[in-house]
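Colleague:
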Amino acid sequence: METILKVDNINVYYGSIHAIKGVSFQVEKGEIVTLIGANGAGKSTTLNTISGLLRSKTGSVSFMGEELSRIAPHKIVAKGLALVPEGRRVFLQMTTQENLEMGAYTQSGKPAESDLEMVYQQFPRLKERRKQVAGTLSGGEQQMLAMGRALMSHPQLLMLDEPSMGLAPILVEQIFEIIQSLHKSGTTILLVEQNAQAALSIADRGYVLETGKIVTTGIGKELLESPAIKKAYLGG
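Per our numbering, the very first residue in the sequence shown carries number 119; after that it's consecutive.
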């Protein structure tokens with residue numbers, strides 16, 4: 119298999135706080151890989167370091183064989199690595215369609231109609247709401263919009279930070295069905311999620327983060343059955 123992302127011994131600090139401690143992992147092309155762990159374990163910090171928003175004191179992050187440590191975040195997106203941030207962060211004053219068009223800023227010229235159509239096929243609700251101001255969308259619709267906006271950049275790797283946060287159970291189910299559908303259509307996915315049950319049930323592999331360190335790794339379904347994981351994260 120082709121390794122699309124390789125994170126090697128990263129250490130990240132917030133001032134004197136050592137947030138990420140020697141984390142290493144990789145994502146192969148075509149996989150869904152999940153990082154799970156309690157709140158504050160370092161999951162979002164890891165994604166922000168991969169996307170260049172934070173910098174590691176040591177080690178390296180390689181994407182498609184290229185070292186990213188000296189590349190600006192917007193250039194990392196142009197290389198095919200897109201992050202859907204925690205809390206969605208859509209442009210609330212813009213329409214749904216304008217938000218999607220913003221996602222294509224790394225492509226030259228105006229986004230192609232075919233790109234918008236591709237997103238509308240994945241998210242029919244967004245087509246219905248395309249002229250609506252994003253601030254008036256529901257939480258679930260805003261999450262779909264954030265994911266659709268990321269897809270406009272044609273990512274080789276899509277990173278999702280807590281996509282189910284704050285959503286009703288039925289919407290969580292819908293978002294995870296969409297993630298599986300994106301995966302089936304060939305998108306490689308790195309998923310950060312507090313809902314360990316949902317994440318591990320769709321992931322090829324999982325890594326468990328605790329206080330900035332990877333403490334367990336394994337096949338998604340096997341981690342789901344692990345008594346220690348059940349006790350710590352699944353209320354078992």
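We put the CB at the ideal spot given by N, CA and C, even for glycine.
These numbers come from a predicted model, not from an experiment.
1) Tell me, to the nearest whole angstrom, how far the beta carbon of Phe241 is from that of Gly266; I am working on the premise that it is less than 8 angstroms.
2) Determine, using beta-carbon pairs with one atom in the segment 305 to 313 and one in the segment 230 to 247, whether at least three such pairs fall under 8 angstroms.
3) Is it buried or exposed for Asn65, if we count other Cβ within 10 angstroms and need 16 for buried?
4) How would you write the range of the beta strand (DSSP E) that Val290 sits in, first residue to last?
5) Under three-state DSSP, which class holds Gly258?
6) Flag Leu234 as yes when its Cβ comes closer than 7 angstroms to any non-hydrogen atom of the ligand SAH, and as no otherwise.
7) Rounding to the nearest angstrom, what Cα-Cα distance links Asn313 and Met236 in this structure?
8) Do Leu234 and Leu263 have their C-beta atoms within less than 8 angstroms of each other?
9) List the residues that DSSP assigns as beta-bridge partners of Phe143.
10) Reducing DSSP to helix, strand and coil, say where Met119 ends up.
11) Among Val290, Lys348 and Ser169, which one has its Cα closest to the Cα of Leu275?
12) To which residues of the same chain is Gly160 closer than 7 angstroms at the C-beta, ignoring the five residues directly before and after it?
13) To the nearest angstrom, report how far apart Thr152 and Val145 are at their CA atoms.
14) Could you say which of Leu171, Lys175, Ile150 and Leu165 lies nearest to Ser134 if we only look at CA atoms?
15) Pull up the CB-CB distance for Val130 and Phe143, whole angstroms please, since I reckon it's below 8 angstroms.
16) Just to confirm before moving on: does the CB-CB distance between Phe181 and Lys197 stay below 8 angstroms?
17) If you run the structure through DSSP and keep just helix, strand and coil, what is Thr167?
18) Can you confirm whether the segment 281 to 293 touches the segment 209 to 224 when touching is taken to mean that 3 or more C-beta pairs between the two stretches lie within less than 8 angstroms?
19) Out of Leu123, Ile150, Gly140 and Thr121, point me to the one whose CA is closest to Lys302's CA.
Modeller: Concretely, from the data shown:
1) 5 angstroms
2) no
3) Examination of residue 65 is not possible in this model, given that the chain is present from 119 through 354 alone.
4) From DSSP, Val290 is part of no beta strand (DSSP E) but of the alpha helix (DSSP H) over Pro287 to Lys302.
5) helix
6) In terms of ligand content, the structure shown is empty, and the ligand SAH therefore cannot be addressed.
7) 28 angstroms
8) no
9) Val125
10) coil
11) Ser169
12) Ala137, Ile138, Leu327 and Gly330
13) 10 angstroms
14) Lys175
15) Going by Cβ atoms, the distance from Val130 to Phe143 rounds to 14 angstroms, so no, they are not a contact pair.
16) yes
17) helix
18) no
19) Ile150
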